[in-house]
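For reference, the structure is listed below as structure tokens.
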Amino acid sequence: MEEELNKLRAETLDLIARLPDEKSLADARTRVLGRKGHLTMYLRGLKELSPEDRASAGMLANTLKAELELEFDKAREAIELKEERRKLQSEFLDVTLSGRRLSMGKRHVLNRVRNELVEVFAGLGFQLAEGPEVELDYYNFEALNTPRDHPARDMQDTLYISENVLLRTQTSAVQIRVMESQQPPVRIICPGKVFRRDADITHSPMFMQVEGLWVDEGISFADLKGILVAFVHEYFGQDVRLRFRPSFFPFTEPSAEVDIQCVICGGSGCRTCSSTGWLEILGSGMVDPEVYKFVNYDAERYTGFAFGLGIERVAMLKYGIPDIRAFYENDVRFLNQF
Ligand code: DAH
3 MEEELNKLRA
13 ETLDLIARLP
23 DEKSLADART
33 RVLGRKGHLT
43 MYLRGLKELS
53 PEDRASAGML
63 ANTLKAELEL
73 EFDKAREAIE
83 LKEERRKLQS
93 EFLDVTLSGR
103 RLSMGKRHVL
113 NRVRNELVEV
123 FAGLGFQLAE
133 GPEVELDYYN
143 FEALNTPRDH
153 PARDMQDTLY
163 ISENVLLRTQ
173 TSAVQIRVME
183 SQQPPVRIIC
193 PGKVFRRDAD
203 ITHSPMFMQV
213 EGLWVDEGIS
223 FADLKGILVA
233 FVHEYFGQDV
243 RLRFRPSFFP
253 FTEPSAEVDI
263 QCVICGGSGC
273 RTCSSTGWLE
283 ILGSGMVDPE
293 VYKFVNYDAE
303 RYTGFAFGLG
313 IERVAMLKYG
323 IPDIRAFYEN
333 DVRFLNQF
């Protein structure tokens, strides 16, 4: 009898030591201590014994029961602890690792230069204006005193959509739209995209311009010079020199192109300025009275000036960028520099 219990004890302890998980441990416990378990059945069988035997066997069996219950509990706790450690280890998070940096977007350098230019002219009293990129021939050429057979049309290789509709080749088209919708005084600045069939290291089929227009009573060429000198000094620096060169545009008379002292070599001559020491930055002139006829302005009463500059050109000079295509290639290493 005692032997039988000892055997059960040894087998059970051995089993407990080898069981790998909570489930098999719980099963083993049921097999020994459950309602129909070996030890339970044994205890139930005690009533068959004589009273003396029953007392001593009962004591032995109950002691074993208590011991095995304790061993099962300990084994369960040990397995639980192991399980918990394994879980913690698999979920380990090294909070001392440095974080992953999120890269922030930036304004494109051309939009930045555009905003800077608008800002400078806003400071000189100019208001923002806009017009469509798909434009009528009328606004882009006709009303700018450039009829269909005009030789000046050859200066710009136009992308036509239909006979009368085109991608605007110049923001000058907005001048007409603004004057058509309001009487003087007008003092506007208009940034925007323009399109021409042209591509090399200084030309892109799509580029950006800023157009300016100021029409009022008594506006003279002196005002034109004053505003453009103020702009160049503000944007490129107080010491940068500029010069006005006679030129021709169909919608201005007289016309002038403005050069600034080469910002790369300081005027001594280099590759960027073709050894001249000067760089052209814009076209300008007094609005031709012919243009006023298209917008019903009184040419006897009003005078004004206009100018147009290329944003890429300005950005290339301001930041020393040699190739216009860099603006459109979307190389983040280039774009991140600004
Ligand atoms: N629209 C001209 C161009 O794209 C630039 C220009 C010249 C604009 C003289 C003007 C101006 O407003 O007065 O070549």
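For the sequence shown, our numbering begins at 3 and goes up steadily by one. Using N, Cα and C, we set each Cβ at its ideal position, and we do this for glycine too.
In the three-state reduction of the DSSP assignment, M181 falls in the helix class, which pools H, G and I. The beta carbon of T204 is closer than 7 Å to those of I326 in its chain, skipping five residues each way along the sequence. Shown here, K89 sits in a helix according to DSSP, grouped into three states.
If you check the CB distance, L112 and I266 do not come in under 8 Å.
Under the three-state reduction of DSSP output, L161 falls in the coil class, being neither helix nor strand. A heavy atom of the ligand DAH is found nearer than 7 Å to the CB of Q172.
Remark: three or more beta-carbon pairs, one from each stretch, lie closer than 8 Å, so the region 283-295 and the region 222-230 are flagged as touching. For V334, there is no enclosing beta strand (DSSP E); the enclosing alpha helix (DSSP H) covers residues V334 to L337. For G285, DSSP records a beta bridge to E259 and G310. DSSP, reduced to helix, strand and coil, places S58 within a helical segment of the structure shown. In this model, S249 and D261 are separated by some 12 Å (Cα to Cα). Pairing Y304 with V217 gives a Cβ-Cβ distance under 8 Å. With the rule of 3 Cβ pairs closer than 8 Å, the region 173-188 counts as touching the region 128-144. At a Cβ-Cβ threshold of 8 Å, R116 and M210 count as neighbours. Annotation: K49 is outside any alpha helix (DSSP H) and is labelled neither H nor E by DSSP. The count of Cβ pairs closer than 8 Å, one atom from the region 159-170 and one from the region 184-201, reaches three, so the stretches are in contact.
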